[in-house]
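To start, the structure under review is shown below, and the notes come after it.
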Amino acid sequence: MNFRTIIEPFRIKSVEAVKFTTREEREAALAAAGNNVFLLRAEDVLIDLLTDSGTGAMSSLQWSAVMRGDESYAGSRSYYRFEAVVRDLTGFRHIIPTHQGRAAERILFHTTLKAGDIVPNNNHFDTTRANIEVEGAEARDLVVAEGRRPALVHPFKGNVDLRALEELLVEEGDRVPLVMVTVTNNSGGGQPVSMENLRGVRALCDRYGKPFFLDACRFAENAYFIKRREAGYADRTPKSIAQEIFSLADGCTMSAKKDGLANIGGFLAMNDDAWAVAARNLLILTEGFPTYGGLAGYDLEAIAQGLEEVTEEAYLRYRIRSTEYLGDKLIEAGVPIIRPAGGHAIYVDARDLLPHVPPLAYPGISFVNGLYLEAGIRSVEIGTVMFGLHPDGTETPATMDLVRLAIPRRVYTQSHVDYVAEAVIEVARRRAELGGYRIVTAPAVLRHFTARFEKLR
Ligand SMILES: Cc1ncc(COP(=O)(O)O)c(C=O)c1O
């Protein structure tokens, strides 16, 4: 059909009311939360763009799959369905379910890294970085220079800097047990990686004898970007592009809370037999038996069904366009965002928007809190609070101070998104009223989740 309007490729069968609050109620809620939106009660949030992880709406087919869940401890039918779907998609020999993505990361890194090792990636996500650093290893970001320039429009800003990767493999290769690439690159703005770049990483891994692992949380969104932006892929199905992506790697970590279209779950997959034995042994210790890995049988069913739905073209067309729609509105109003729009989120450049708030006074937190107080919308800082604290206790500004507006899958309608755009534009217009923050208390690792903040006078 040749109409310009791209509609939600579903209709709504069940709805959940959202709660409207007054500004005074939001002020009290944020104060009680130590000015950290992670510590709010979700019911005090009108539109929740904190994350796209585990927050999607499952389809009627997923809910009916839930009823087919086989809860046998060992060898459940649901595991074999899950395994078959994941193998068809990824081609990997060993498929190890985990309760979410970070469990896959912990198992992979705990069984393969030692202190002093280096893991390169385009950009490590926070849990990936933390799970590497906890082993005494270094998480090194090697995204292309374009990926560090928020306003620059480039089709594949998630690409790995292949020259820098080769330099690392030549100079310090004996410290690199594996190479990772995150598709799409969440910490760098939800930007895709091209197939050409993934082939380049594969070639370097072959040349220097390194395993290549994907952080595959948003593989379907990445596949769709390849279809739209990379020569030779326009006529391919998203699923066949995704299969090609996986065929270039030796394994992956996956959070099924994103492109698994499920509310919980993940997996670790790989071809190497010896690594898989070590991974399953640790899995049994910390997650569960290898055919359930910390998940219920019904979770495995929901993920299997979700992985089949997520590569449908109508879904991906709607998904990528609805995120871009929010981005277009903000760009038109002059709000600085990472361009082009990411797959799962829009990232406001808070450092650019709030030049009067220095990075160590956390401009991202300032904008996040301003948006919550103004409109009841919850977003998240991806900047100096998340990445500025180093294992030696020092603090420096992160590369960027961003505010992520993550779009849950199949949850909000176009009018919700129009409301978000209106609110973000209004808060940006009144940016002079936003001030900085200082941290009152915070843990040493992953501090952004539980830190408490105080407004600077
Ligand atoms: C790129 C990336 N990797 C890993 C993870 C961790 O997954 P999970 O939240 O399921 O532990 C996330 C989650 O947000 C992510 O975006």
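Residue numbers (the working numbering): -18 to 438.
Here a beta-carbon is modelled for each residue, glycine too, at the ideal position from N, C-alpha and C.
The model shown is predicted, which means the values in this text are computed figures rather than measured ones.
#1: Suppose contacts are defined by Cβ-Cβ distances below 8 Å. Is Ala200 in contact with Asp240 by that definition?
#2: For Val398 versus Phe348, is the C-beta spacing smaller than 8 Å?
#3: If contact is defined by three or more beta carbon pairs under 8 Å, each pair taking one atom from either stretch, is the region -17 to -10 in contact with the region 407 to 420?
#4: Could you name the residues whose beta carbon sits closer than 6 Å to any heavy atom belonging to ligand 1, keeping them in chain order?
#5: For the region 334 to 354 against the region 374 to 384, do three or more pairs of beta-carbon atoms, one drawn from each stretch, fall closer than 8 Å, so that the two count as touching?
#6: Please classify Gln81: does DSSP put it in a helix, a strand, or coil?
#7: Which residue or residues does DSSP assign as beta-bridge partners of Gln395?
#8: Return the chain-ordered list of same chain residues with a C-beta closer than 7 Å to the C-beta of Gly323, the five sequence neighbours on each side being excluded.
#9: Could I get the ranges of all uninterrupted alpha helix (DSSP H) runs contained in the region 40 to 72, with 4 residues as the minimum, in chain order?
#10: Return the chain-ordered list of same chain residues with a C-beta closer than 6 Å to the C-beta of Pro340, the five sequence neighbours on each side being excluded.
#11: Between which two residues does the alpha helix (DSSP H) carrying Val258 extend?
#12: What residue range is occupied by the uninterrupted beta strand (DSSP E) comprising Ala250?
#13: Could you check what DSSP says for Ser347 in three-state terms: helix, strand or coil?
#14: Based on the DSSP secondary-structure assignment, which residues constitute the bridge partners of Arg410?
#15: When you compare only the Cα positions, how much space is there between Trp256 and Ser396?
#16: Among Val115, Phe193, Gly35, Asp330, which has the Cα closest to the Cα of Asn102?
#17: Taking the beta strand (DSSP E) that Ser236 belongs to, which residues open and close that run?
#18: Quick check on the burial criterion: 16 or more other C-beta atoms within 10 angstroms. Buried or exposed for Arg438?
#19: Is Trp256 near ligand 3, with its Cβ less than 7 Å from a heavy atom?
#20: So is Ser57 buried or exposed if we call it buried at 16+ other beta carbons inside 10 Å?
#21: If you reduce the DSSP assignment to three classes, tell me which class Ile113 lands in.
#22: Sort Glu403, Leu370, Pro136, Ala404 by Cα distance to Ile420 and report the nearest one.
#23: How far does the alpha helix (DSSP H) with Lys95 in it extend, from its first residue to its last?
#24: What three-state label does DSSP hand Ala23 in the structure shown?
#25: Return the Cβ separation of Val157 and Ile99 in integer angstroms, given the expectation that the two are a contact with Cβ distance under 8 Å.
#26: List in chain order: all unbroken alpha helix (DSSP H) runs of 4+ residues lying wholly within the region 358 to 405.
#27: Could you name the residues that DSSP lists as bridge partners for Ile28?
#28: Using the three-state DSSP reduction, which class does Val182 fall into: helix, strand or coil?
#29: For Ile363, which residues in the same chain have their Cβ closer than 6 Å to its Cβ, ignoring the five residues on either side in sequence?
#30: Could you name the residues that DSSP lists as bridge partners for Ala423?
#31: Can you tell me where the alpha helix (DSSP H) holding Ala326 begins and where it ends?
#32: Taking three-plus beta-carbon pairs below 8 Å as touching, is the region 279 to 292 in contact with the region 64 to 83?
#33: Pull up the DSSP beta-bridge partners for Val141, would you.
#34: Between Ala10 and Leu27, how many whole angstroms is the CB-CB distance? I'm expecting something under 8 Å.
#35: Quick check: the region 222 to 231 against the region 175 to 195, are at least 3 beta-carbon pairs closer than 8 Å?
Inspection of the coordinates gives the following:
#1: Along the sequence shown, one-based indexing puts residue 200 at 219. Along the sequence shown, one-based indexing puts residue 240 at 259. Per the sequence shown, the amino acid found at residue 200 is Phe instead of Ala. Yes, these two residues count as a Cβ contact at 8 Å.
#2: Numbered from 1 along the sequence shown, position 417 holds the residue referred to as residue 398. Numbered from 1 along the sequence shown, position 367 holds the residue referred to as residue 348. No, they are not a contact pair.
#3: no
#4: Ser34, Gln81, Gly82, Arg83, Phe106, Thr108, Thr109, Thr163, Asn167, Asp196, Cys198, Ser236, Lys238, Gly247
#5: yes
#6: As a position in the sequence shown, residue 81 is number 100, starting the count at 1. Gln81 falls in the coil class under three-state DSSP.
#7: Residue mapping note: residue 395 aligns to position 414 of the sequence shown, counting from 1. Per DSSP, none; premise fails for Gln395.
#8: As a working note, residue 323 is residue 342 in the sequence shown. Cβ neighbours of Gly323 beyond the five flanking positions: Thr165, Gly170, Gly171, Gln172, Thr304.
#9: 41 to 48, 58 to 71
#10: Looking up residue 340 in the sequence shown gives position 359. Correct list, in chain order: Thr365, Pro378, Asp382.
#11: Sequence index remark: in the sequence shown, residue 258 carries index 277 (1-based). Per DSSP, Val258 belongs to the alpha helix (DSSP H) from 254 to 267.
#12: Start at 1 with the first residue of the sequence shown, and residue 250 comes out as number 269. Unbroken beta strand (DSSP E) run through Ala250: 247 to 251.
#13: Position 366 of the sequence shown, counting from 1, holds the residue named residue 347. In the structure shown, Ser347 sits in a helix (DSSP, three-state: H, G or I).
#14: If you number the sequence shown from 1, residue 410 lands on position 429. None, per the DSSP bridge assignment.
#15: As a position in the sequence shown, residue 256 is number 275, starting the count at 1. As a position in the sequence shown, residue 396 is number 415, starting the count at 1. Distance between the alpha carbons of Trp256 and Ser396 is about 48 Å.
#16: Translated into the one-based positions of the sequence shown, residue 102 becomes position 121. Of the listed residues, the one whose Cα sits closest to Asn102 is Phe193.
#17: By one-based count along the sequence shown, residue 236 stands at place 255. It spans 232 to 236 - the beta strand (DSSP E) in which Ser236 sits, taken as one unbroken run.
#18: In the sequence shown, counting from the first residue as 1, residue 438 sits at position 457. Exposed.
#19: Ligand 3 is not among the ligands present in this structure, which contains only ligand 1.
#20: For the purposes of this step, residue 57 is taken as residue 76 along the sequence shown, with counting starting at 1. Classification for Ser57: buried.
#21: Translated into the one-based positions of the sequence shown, residue 113 becomes position 132. Helix at Ile113.
#22: Locating residue 420 in the sequence shown gives position 439, where the first residue counts as 1. Among Glu403, Leu370, Pro136, Ala404, the Cα nearest to that of Ile420 is on Leu370.
#23: Counting from 1 along the sequence shown, the entry for residue 95 is found at position 114. Counting along the chain, Lys95 falls outside any alpha helix (DSSP H), and DSSP gives it neither H nor E.
#24: The count along the sequence shown starts at 1 and reaches residue 23 at position 42. Three-state DSSP puts Ala23 in a helix.
#25: Mapped onto the sequence shown, residue 157 falls at position 176. Mapped onto the sequence shown, residue 99 falls at position 118. Between Ile99 and Val157 the Cβ distance is about 5 Å, and since that is below 8 Å, they are a contact.
#26: 365 to 368
#27: Numbered from 1 along the sequence shown, position 47 holds the residue referred to as residue 28. Its beta-bridge partners are Ile358.
#28: For the purposes of this step, residue 182 is taken as the residue at position 201 of the sequence shown. Reduced to three states, the DSSP call for Val182 is helix.
#29: As a working mapping, residue 363 is identified with position 382 in the sequence shown. Cβ within range, chain order: Leu383, Arg385.
#30: By 1-based counting over the sequence shown, the position of residue 423 is 442. In the DSSP output, where bridge partners are listed per residue, Ala423 has none listed.
#31: Within the sequence shown, residue 326 is the residue found at index 345, counting from 1. Careful: Ala326 lies outside any alpha helix (DSSP H), inside the beta strand (DSSP E) at 326 to 330.
#32: yes
#33: For the purposes of this step, residue 141 is taken as residue 160 along the sequence shown, with counting starting at 1. DSSP, once it has assigned bridges, lists Val124 as partnering Val141.
#34: Stepping through the sequence shown from its first residue, residue 10 is reached at position 29. Stepping through the sequence shown from its first residue, residue 27 is reached at position 46. So it is not a contact: roughly 12 Å between Cβ atoms.
#35: yes
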